[in-house]
Amino acid sequence: MRGWGEPDERIETAALVVTELVTNAVEHTAGRRIRCRLLRTPGRVRICVWNRGRRHIPALPGPRSPEPYGASADGRHDTEGPGPVAVGGPGDGFSLASVAEDGRGLMLVDVLATRWGTRTSVSGRLVWADL
1 MRGWGEPDER
11 IETAALVVTE
21 LVTNAVEHTA
31 GRRIRCRLLR
41 TPGRVRICVW
51 NRGRRHIPAL
61 PGPRSPEPYG
71 ASADGRHDTE
81 GPGPVAVGGP
91 GDGFSLASVA
101 EDGRGLMLVD
111 VLATRWGTRT
121 SVSGRLVWAD
131 L
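Going by the UniProt record's numbering, the sequence shown opens with residue 1, and the numbers climb by one from there.
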């Protein structure tokens, strides 16, 4: 990101988000293959973490409603991002005390990212976050 000329603050934020997403992939998957990729577009860096495992993942706080791109009528599909997302989180009567320690990293991602989401398929799970 330094080579891209990104500011130090965004680099530090990205490092924290990558740490949280990769840690979740390691802790919540039975597979050993995890990939992390950063994509850059004007004004945005997207962090993508993909894992190949299929182990059960406990209920975690969902991403905020995607903005500024909007969502479908049911509010659950990011029309610009990589796939369906769950909507929920701190603004929905959600409290830190109601989340197991395992779910707190995604709450941090929710605060740091402008938007984030997940996509699950038979080949694994992708979690992405835009900074």
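Idealized CB from N, CA, C, for every residue including glycine.
Asked                                                                                                                     : Found
Between the C-alpha atoms of G75 and A129, what's the straight-line distance to the nearest angstrom?                     : The predicted model places G75 with a pLDDT of 37, which falls under 50 and marks its position as unreliable, so this point remains unresolved.
Which partner residues of V127 appear in the DSSP bridge assignment?                                                      : V49, T118
Please identify the residue among A113, R52, A15 whose C-alpha is closest to the C-alpha of E27.                          : R52
With a threshold of 16 other CB atoms inside 10 Å of the CB of V109, please say whether the residue is buried or exposed. : buried
Within the continuous alpha helix (DSSP H) that includes T23, where are the two ends?                                     : 8-27
Measure how close the beta-carbons of G105 and T29 come, nearest whole angstrom, since I'm counting them as under 8 Å.    : Not really, about 14 Å apart at Cβ, beyond 8 Å.
Should W50 and G124 be called a contact, given that it needs their Cβ atoms to be closer than 8 Å?                        : yes
So that I know if they touch, is there some Cβ in chain C lying closer than 8 Å to that of G124?                          : Any reference to chain C falls outside this structure, which holds one protein chain only.
Do L126 and C48 count as a contact pair if the criterion is CB distance below 8 Å?                                        : yes
G43: which of V17, L16, E6, A15 sits nearest, CA to CA?                                                                   : E6
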